[in-house]
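Residue numbering for the sequence shown is -20 to -1, 1 to 234, as defined by mature numbering (1 follows the signal peptide of the UniProt record, and there is no 0).
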Amino acid sequence: MKLKPYYLLILLVLASCGGAKNIVNIESASAKEVISAHQAAAPDFTTLAGRVQLVYDTEDKSQSITVSLRMEKDKNIWIKASILGITVAKVLITPTSVSYYETIGKTYFEGDFALLGEWLGTPINFQQTQNLLLGQSIFTLNPSEYKSEVSLNKFKIQPKQQPQDFIHSLLLNSENFKIASENLYQPSAERLLSIRYGDYQNIERQYFPSTILIDTSEKGSKTKIEINYRKIDVNANVSFPFEIPQGYEEIQLN
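Encoded structure:
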């Protein structure tokens, strides 16, 4: 069986959920200072457990899913998706693999991130996936390669020279240096990925997203995903049980 593209995106965005340095003068802050403050704002935790409400919309489908999320930072991400209290899928993501099965069609998948990156139009790995839902940049921000300016009381960060046919930019909140929005655009492929963050919640003096809005489009085909964190427990006792049931059919990615 073929795995439909929206399942790829769900696997990507469900993969994960800072104290920041202070900059006194926003207007005169250098790119090095802003990027350093953003990196310092990354949450520091060992494990995380949470509940997430996910709403998925395309031109012909709309679905709401409740997700139980468990993380061991930089090592494991475990997801159980439910509809009306019934488990419909489980996912286990590690730095080297993605394993997934769903109970309705009795199918499963085991593989790496290569084809997810191909579908999104940029290489993607575990760390980038984790950063996306932590409110951190999915790309490494090298101060020598990026410039910063103030726009509507936010820091606009973008490469000094954009790579050919690949436009990347992001806005950082000035109060916590977390991402307000991040955009990737490939004009020749008519492909856009837009990530927007709502308010951040302060949990044990660190900032975690409350709401994430993800919009993708490719040659006129659009997908929208809204992620709302209902509860986050930091450094909770968690386990990562995952076993593909017997008799399930393996699915293949294009």
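Backbone N, C-alpha and C fix where the C-beta goes; we use that ideal spot for every residue, glycine too. It should be emphasised that the depicted structure is a prediction, and the values quoted were computed from it without experimental measurement.
Go through its chain and collect everything with a Cβ distance to residue i's Cβ below 6 Å, but skip five positions before and after it.
i      : result
Tyr165 : Ile147 and Leu172
Ser149 : Gln138 and Asn163
Asp213 : Ala29
Arg50  : Ala29, Trp58 and Val218
Pro221 : none
Asp37  : Lys204
Pro123 : Ala11, Lys12 and Ile15
Asn105 : Phe93
Glu206 : Val35 and Leu193
Under 8 Å, do residue i and residue j count as touching if we go by C-beta distance?
i           : j      : result
Thr76       : Ile231 : no
Phe89       : Tyr80  : yes
Tyr126      : Ile6   : no
residue 250 : Asp145 : This structure cannot speak to residue 250, because the chain is shown only from -20 to 234.
Val68       : Asn208 : no
Ala22       : Ser128 : no
Gly91       : Val78  : yes
Is residue i helix, strand or coil when you go by DSSP?
i           : result
residue 308 : Shown here, the chain extends from -20 to 234; a query on residue 308 therefore has no answer.
Ala61       : strand
Glu13       : helix
Leu28       : strand
Leu112      : helix
Tyr33       : In the sequence under discussion, the amino acid at residue 33 is Gln, which differs from the Tyr named in the question. DSSP places Gln33 in strand when its eight states are reduced to three.
Ala20       : helix
Phe220      : coil
residue 237 : Lying before the first or after the last residue shown, residue 237 is absent from the chain, which here runs from -20 to 234.
Tyr228      : coil
Ser161      : strand
Arg185      : coil
Ser8        : coil
Ile192      : strand
Glu52       : strand
Pro123      : coil
Ser154      : coil
Gln144      : coil
Pro75       : coil
Asn133      : coil
Gly85       : coil
Ser149      : strand
Lys41       : coil
Contact defined as beta carbons within less than 8 Å: I believe residue i pairs with residue j. What is the distance between those atoms, to the nearest angstrom?
i      : j      : result
Ala61  : Ile45  : 5 Å
Lys158 : Leu151 : Rounded, the Cβ-Cβ distance is 10 Å, inconsistent with contact.
His18  : Leu113 : Between Leu113 and His18 the Cβ distance is about 16 Å, and since that is not below 8 Å, they are no contact.
Glu198 : Glu170 : 6 Å
Tyr228 : Gly115 : That pair is no contact at about 35 Å.
Glu39  : Lys202 : 7 Å
Given residue i, which residues of its chain have a CB within under 7 Å of its CB, disregarding the five upstream and five downstream residues?
i           : result
residue 235 : Residue 235 is absent from the structure shown; the chain starts at -20 and stops at 234.
Glu184      : Val214
Please return the same chain residues whose Cβ sits closer than 8 Å to the Cβ of residue i, not counting the five positions on each side in sequence.
i      : result
Ser42  : Val35 and Tyr36
Gln181 : Tyr187, Phe188, Pro189, Ser190, Tyr209 and Ile212
Given 8 Å, three or more beta-carbon pairs between the region 173 to 182 and the region 122 to 133: Put simply, the region 173 to 182 does not touch the region 122 to 133. Fewer than three CB pairs are less than 8 Å apart.
Three-pair Cβ contact test at 8 Å for the region 184 to 192 versus the region 38 to 54: The region 184 to 192 vs the region 38 to 54: no contact.
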